[in-house]
Amino acid sequence: MAVVIWLMVLVGLLILWSVNAARLSAAREAEAASRVKLEQAEALLQTRLRDRGAELNAEIDTLRKRAEVAQQLLAKAESLGNPLDLHPCLPRFPASVTSDCG
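Reminder that position 11 of the sequence shown reads as 847 in our numbering, one-by-one numbering, no gaps.
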């Protein structure tokens with residue numbers, strides 16, 4: 837009778853061990869799958885950040901070129917003088933009241 841009880845205990849322990857092994861295996865597979873998804877998400881994020889950085893750099897370059905052109909135009913306009921000052925009816929900055937406009 838003691839042998840039968842020992843066999844039942846051993847069979848019970850074997851069942852518990854196999855269930856725990858199956859749970860552990862499933863947990864490892866889930867962890868591996870989530871790790872793969874995380875790596876894919878990180879790669880996608882890095883790609884998007886790199887693309888957005890390139891877009892922003894291009895935008896900055898465009899704005900710098902526009903600023904250079906604006907500076908050149910401003911310098912050219914200042915060298916020519918302000919032709920709007922020649923006519924008394926045009927508003928001035930700061931605004932002044934002129935009576936010679938008629």
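For glycine and all other residues, C-beta sits at the position ideal for the given N, C-alpha and C.
For M844, report the span of its alpha helix (DSSP H) as first-last. A838 to L916
Alpha carbon of R886 to alpha carbon of L846, nearest angstrom: In a straight line, the C-alpha of R886 is about 59 Å away from that of L846.
Can you list, in chain order, the residues of its chain with a C-beta nearer than 6 Å to that of A863? Leave out the 5 residues immediately preceding and following it. Listed in chain order, the non-local C-beta contacts of A863 below 6 Å within the same chain number zero, local neighbours out to five positions each way being set aside.
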